[in-house]
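Presented below is the structure to which this report refers.
In my numbering, the protein residues as written are 116 to 187.
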């Protein structure tokens, strides 16, 4: 599990190579990100939206995407 958000290196890739889960801030989780994280199985957004996640690509790879719809 890796937590990504404020203070994460700007490329968003540091440490994701072996992560199976990402607790996600507002970085972009696109094909390039997922290419670097071949073991990724879940992206859990800490906010209400998932607009920074490439849902089609995640679905194609079998990566679950969830959010916190009641987040403040």
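Where a beta carbon is used, it is the ideal one built from N, C-alpha and C, also for glycine.
### Task
Express the C-alpha separation of residue 173 and residue 141 in angstroms, rounding to a whole number.
Reading the chain shown from its first residue, position 26 is the one you call residue 141. Reading the chain shown from its first residue, position 58 is the one you call residue 173. Each residue's Cα considered, the two are about 16 angstroms apart.
### Task
Locate the beta strand (DSSP E) running through residue 152, then write down its first and last residues.
In the chain shown, the residue the question calls residue 152 occupies position 37. It is not in any beta strand (DSSP E) - residue 152 carries neither H nor E in the DSSP assignment.
### Query
Where does residue 169 land, buried or exposed, given buried means 16+ other C-beta within 10 angstroms?
For this step, residue 169 is matched to residue 54 along the chain shown. Counting Cβ neighbours within 10 Å, residue 169 comes out buried, since at least 16 surround it.
### Query
Does DSSP put residue 165 in a helix, a strand or coil?
For the purposes of this step, residue 165 is identified with residue 50 of the chain shown, where counting begins at 1. Under the three-state reduction of DSSP output, residue 165 falls in the coil class, being neither helix nor strand.
### Message
Suppose the cutoff is 6 angstroms on Cβ atoms and the five residues either side in sequence are ignored; what does the same chain contact list for residue 135 look like?
### Response
What you label residue 135 is simply residue 20 of the chain shown in a count that begins at 1. Hits under 6 angstroms: 154 and 156.
### Task
Answer with buried or exposed for residue 178, where buried requires no fewer than 16 other C-beta atoms within 10 angstroms of its C-beta.
Position 63 of the chain shown, counting from 1, holds the residue named residue 178. The residue is buried, with at least 16 neighbouring Cβ atoms inside 10 Å.
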